[in-house]
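Chemist: One structure, as structure tokens, below. Some questions next.
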Amino acid sequence: MPQVTLSVNGKSHTVEVEGRTLLVELLRERLRLTGTHVGCDTSQCGACVVHIDGESVKSCTILALQADGTQVTTIEGLAKPDGTLHPMQEAFREYHALQCGFCTPGMVMAAIDLVQKHPAGLSEKEIREGLEGNLCRCTGYHNIVKAIAAAQDVMHGRRSELARAEAAE
Amino acid sequence: MAAAPYHRPETLEAALALLQDGAAPPIILAGGTDLYPAQAAAEAWMCPAPARRVLDISALSGLDGIEDRGEHHRIGARVTWAALRDATHLPAAFDGLRAAARQVGGAQVQNRATVLGNLCNASPAADGVPPLLALGAEVELASAARGTRRLPLAAFILGNRRTALAPDELALAVLVPRHGPGARGGFLKLGARSHLVISIAMVAGVIEVAAGRVAAARLAAGACSAVAQRLLAAEAAIVGRAADPPALAAAILPRHLGPLSPIDDVRATAAYRREAALVLLRRLVAGLAAPDRARVAA
Numbered sequence: 001m002p003q004v005t006l007s008v009n010g011k012s013h014t015v016e017v018e019g020r021t022l023l024v025e026l027l028r029e030r031l032r033l034t035g036t037h038v039g040c041d042t043s044q045c046g047a048c049v050v051h052i053d054g055e056s057v058k059s060c061t062i063l064a065l066q067a068d069g070t071q072v073t074t075i076e077g078l079a080k081p082d083g084t085l086h087p088m089q090e091a092f093r094e095y096h097a098l099q100c101g102f103c104t105p106g107m108v109m110a111a112i113d114l115v116q117k118h119p120a121g122l123s124e125k126e127i128r129e130g131l132e133g134n135l136c137r138c139t140g141y142h143n144i145v146k147a148i149a150a151a152q153d154v155m156h157g158r159r160s161e162l163a164r165a166e167a168a169e
Numbered sequence: 170m171a172a173a174p175y176h177r178p179e180t181l182e183a184a185l186a187l188l189q190d191g192a193a194p195p196i197i198l199a200g201g202t203d204l205y206p207a208q209a210a211a212e213a214w215m216c217p218a219p220a221r222r223v224l225d226i227s228a229l230s231g232l233d234g235i236e237d238r239g240e241h242h243r244i245g246a247r248v249t250w251a252a253l254r255d256a257t258h259l260p261a262a263f264d265g266l267r268a269a270a271r272q273v274g275g276a277q278v279q280n281r282a283t284v285l286g287n288l289c290n291a292s293p294a295a296d297g298v299p300p301l302l303a304l305g306a307e308v309e310l311a312s313a314a315r316g317t318r319r320l321p322l323a324a325f326i327l328g329n330r331r332t333a334l335a336p337d338e339l340a341l342a343v344l345v346p347r348h349g350p351g352a353r354g355g356f357l358k359l360g361a362r363s364h365l366v367i368s369i370a371m372v373a374g375v376i377e378v379a380a381g382r383v384a385a386a387r388l389a390a391g392a393c394s395a396v397a398q399r400l401l402a403a404e405a406a407i408v409g410r411a412a413d414p415p416a417l418a419a420a421i422l423p424r425h426l427g428p429l430s431p432i433d434d435v436r437a438t439a440a441y442r443r444e445a446a447l448v449l450l451r452r453l454v455a456g457l458a459a460p461d462r463a464r465v466a467a
């Protein structure tokens, strides 16, 4: 069987896989990184979004072999070793940007790439458009958009701490 | 799906050599965003396709750029929709193709899916085809036995999921000829929602306005026939007219959509598609002729 060598969350792995093995299967079933979810299996819902070399991709439509030699980041790779959350994770918690949580790993990964690609900042409309590849079936977009708007200020260094959600929300 | 060998050659020669096995040519993979969903859908409907070898072209060099070669721009086989979307330096004639790039799938699909893969996949609703027909694009193909050849896009896509690509050929690039400095491109797509949706109907055009008149026009419609079509009668109806947006829109008549043969399906009826194509086409030419039309921001 062919081998794939890739870095996942900073750790190098060499794994034998079948040609047909999808990246998400490698992550979930071989490396036991089950934070990346499979929703639709047809590259629509975005629950499986991970980063390959910093760019968001849907890991359910990429063969594991296509990721050979790349750096993959999954939701498990965002928090610091001491447990400090990434500003985007912190914002999703602060703004209660989830209901059932199934879409959340993909939303967070997609949101980080979106914010990183727009250093000048994103409007609410741009955030909504940027999330077009991620579906939330609990209709939780409202708070997701607020969380991303708050997280971008921290990620771009415009605020040192996350703006707190108002108690009424 | 049974295990199938996977090849990721690093030279074009090695890739073309792998395609010479006429008995079982491999399926060519670039971004891969169509390959797996198609297989998953076939399995879900209990009719899995036989496993095929995979030829992954993602390690081939020289296919990942959009190059200005003077008489044409060359879009390599590995150029993604995201790269095209972000290519703000391209002339205004490309604005329609770049608008399509923003509407193909979502951001993650745009990061992986390639422009040329969209053409080779040959879906009747492929977003890349109408803008590239309007641009007069050609496709460059290579084989070990016969070298390279070029085909106009209209001669490359033969039908629903059918192309002129021979089993031993690899599509290398899309070539977009240079247009006049006043040429502007546009693209309009109608779906059941604004994003992440397969088109009900779409139109694209490149229009050149000189001295207040339409000097040249190339219009095309997609998702309204097995293969997207140029609309020559609609083009003839506006060329030479004053570039007055309402008058140009009114000059386009239902009979100008003759080449279209829309179908009834889950997304829309044929009659609705025909009507939608007409409305979109009128909006497109009016928008392209408006003197104050701002170029679409990147």
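In the order they appear, the protein sequences are chains F and W. Just so you know, this note's numbering puts 1 at position 1 of the first sequence, and the rest follows in order with no gaps. To convert, take the position in the second sequence, counting from 1, and add 169; that gives this note's numbering. The C-beta atom is built at its ideal place from N, Cα and C for all residues, glycine as well. Remember, predicted model here, so these are calculated numbers, not experimental data.
1) Just to confirm the assignment, what range does the beta strand (DSSP E) spanning residue 3 of chain F have?
2) At a CB-CB cut-off below 9 Å, which residues of chain F make contact with residue 245 of chain W?
3) Which partner residues of residue 215 of chain W appear in the DSSP bridge assignment?
4) Among the residues of its own chain, which have a CB less than 8 Å from the CB of residue 88 of chain F, if the five just before and after it don't count?
5) Which residues bound the beta strand (DSSP E) around residue 241 of chain W?
6) On the DSSP letters alone, give me the boundaries of the beta strand (DSSP E) that residue 189 of chain W sits inside.
7) How many Å lie between residue 202 of chain W and residue 60 of chain F at the Cα?
8) Determine, using beta carbons only, whether residue 382 of chain W and residue 374 of chain W come nearer to each other than 8 Å.
9) Spatial neighbours of residue 169 of chain F within its chain, please: CB distance less than 7 Å, with the 5 preceding and 5 following residues excluded, ordered by chain position.
10) Give me the subset of the segment 38–49 of chain F whose CB atoms are less than 7 Å from a CB atom of chain W, sorted by chain position.
11) Shorter than 8 Å from the beta carbon of residue 114 of chain F to some beta carbon of chain W?
12) Kindly list the residues whose CB is nearer than 6 Å to the CB of residue 175 of chain W, restricted to its own chain and excluding five residues on each side of it in sequence; keep chain order.
13) Return the chain-ordered ranges of every alpha helix (DSSP H) run that is complete within the segment 35–96 of chain F and spans a minimum of 4 residues.
14) Restricting to Cα atoms, I'd like to know which of F/74, F/55, F/32 is closest to residue 48 of chain F.
15) I need the DSSP call for residue 300 of chain W, collapsed to helix, strand or coil.
16) Using 8 Å as the limit for Cβ to Cβ distance, is residue 242 of chain W near chain F?
17) Taking just the CA atoms, how far does residue 403 of chain W sit from residue 451 of chain W?
18) Give the range of the beta strand (DSSP E) segment to which residue 117 of chain F is assigned.
19) Rounding to the nearest angstrom, what Cα-Cα distance links residue 457 of chain W and residue 353 of chain W in this structure?
20) For residue 263 of chain W, which three-state DSSP category applies?
21) Around the C-beta of residue 143 of chain F, are 16 or more other C-beta atoms found within 10 angstroms, so that it is buried, or is it exposed?
22) To which residues does DSSP link residue 356 of chain W through a beta bridge?
23) Taking the continuous beta strand (DSSP E) assigned at residue 318 of chain W, which residues delimit it?
24) Give me the residue from W/307, W/413, W/428, W/260 with the minimum Cα distance to residue 399 of chain W.
25) Just to confirm before moving on: does the CB-CB distance between residue 308 of chain W and residue 284 of chain W stay below 8 Å?
26) Helix, strand or coil, according to DSSP, for residue 16 of chain F in the structure here?
27) Got a sec? Which residues, its chain only, sit under 6 Å from residue 459 of chain W by beta carbon, not counting five neighbours each side?
28) Using a Cβ-Cβ cut-off of 6 Å (strictly less than) and excluding sequence neighbours within five positions of residue 91 of chain F, which residues of its own chain qualify?
29) First and last residue of the beta strand (DSSP E) that includes residue 382 of chain W?
30) Give a yes or no on whether the minimum CB-CB distance between residue 81 of chain F and chain W is below 8 Å.
31) Which of the three DSSP states, helix, strand or coil, is assigned to residue 152 of chain F?
32) Terminal residues of the continuous alpha helix (DSSP H) containing residue 232 of chain W?
33) What residues from chain W crowd round residue 5 of chain F, counting only those whose CB sits closer than 9 Å?
34) Which two residues bound the contiguous beta strand (DSSP E) that contains residue 341 of chain W?
35) For a test of your reading of the model: does the CB of residue 126 of chain F fall under 7 Å from any non-hydrogen atom of the ligand NAP? Yes or no.
36) Using the Cβ count rule (16 or more neighbours within 10 Å means buried), how would you classify residue 332 of chain W?
Modeler: In brief:
1) From DSSP, the beta strand (DSSP E) with residue 3 of chain F extends over 3–8.
2) When 9 Å is used as the limit between beta carbons, residue 245 of chain W is near no residue of chain F, the shortest such separation being about 18 Å.
3) Bridge partners of residue 215 of chain W: none, in fact.
4) Once the five neighbours on either side are set aside, the close Cβ partners of residue 88 of chain F are 78, 108, 111, 112, 115, 147, 148, 151, 155.
5) Here the beta strand (DSSP E) through residue 241 of chain W covers 241–245.
6) Careful: residue 189 of chain W lies outside any beta strand (DSSP E) and carries neither H nor E.
7) Those two C-alpha atoms are separated by around 9 Å.
8) No, the Cβ-Cβ distance between residue 382 of chain W and residue 374 of chain W is not below 8 Å.
9) Reliability of the predicted coordinates at residue 169 of chain F is poor, the pLDDT of 48 falling under 50, and the value obtained from them is presented with this limitation in mind. Excluding sequence neighbours, residue 169 of chain F sits near nothing in its chain.
10) Along the segment 38–49 of chain F, the positions whose C-beta sits under 7 Å from a C-beta of chain W are 41, 42, 43, 44, 46, 49, read in chain order.
11) It does; some Cβ of chain W falls within 8 Å.
12) Within the same chain, and ignoring the five residues on either side of residue 175 of chain W in sequence, the residues whose Cβ sits closer than 6 Å to its Cβ are 223.
13) Fully enclosed alpha helix (DSSP H) runs of 4 or longer: 87–94.
14) Nearest option by C-alpha distance: F/74.
15) In the structure shown, residue 300 of chain W sits in a helix (DSSP, three-state: H, G or I).
16) No, its Cβ sits nowhere closer than 8 Å to a Cβ of chain F.
17) So the alpha carbons of these two residues sit roughly 10 Å apart.
18) Per DSSP, residue 117 of chain F belongs to no beta strand (DSSP E) and is neither H nor E.
19) Spanning the two alpha carbons is a distance of roughly 7 Å.
20) Helix, per DSSP.
21) Counting the other CB atoms within 10 Å of its CB gives residue 143 of chain F a total of 16 or more, which places it among the buried residues.
22) Per DSSP, the beta-bridge partners of residue 356 of chain W are W/373.
23) According to the DSSP assignment, residue 318 of chain W belongs to the beta strand (DSSP E) that extends over 316–321.
24) Residue W/428 is the option with its Cα nearest to residue 399 of chain W.
25) No, they are not a contact pair.
26) Three-state DSSP puts residue 16 of chain F in a strand.
27) Spatial neighbours of residue 459 of chain W in its own chain (CB-CB distance under 6 Å, excluding positions within 5 residues in sequence) are listed in chain order as 414.
28) Only 147, 150, 151, 162 meet the Cβ criterion.
29) Unbroken beta strand (DSSP E) run through residue 382 of chain W: 382–391.
30) The beta carbon of residue 81 of chain F sits no closer than 8 Å to any beta carbon of chain W.
31) Of the three classes helix, strand and coil, the one that applies to residue 152 of chain F here is helix, per DSSP.
32) If you look at residue 232 of chain W, you'll find it isn't in any alpha helix (DSSP H); DSSP assigns it neither H nor E.
33) Near residue 5 of chain F there are no residues of chain W at all, since even the closest Cβ is about 13 Å away, more than 9 Å.
34) Segment 338–346, the beta strand (DSSP E) holding residue 341 of chain W.
35) Judged by which ligands are present, the structure shown has none, so any question about the ligand NAP falls away.
36) By the neighbour-count criterion, in which a residue is buried when 16 or more other Cβ atoms sit within 10 angstroms of its Cβ, residue 332 of chain W is buried.
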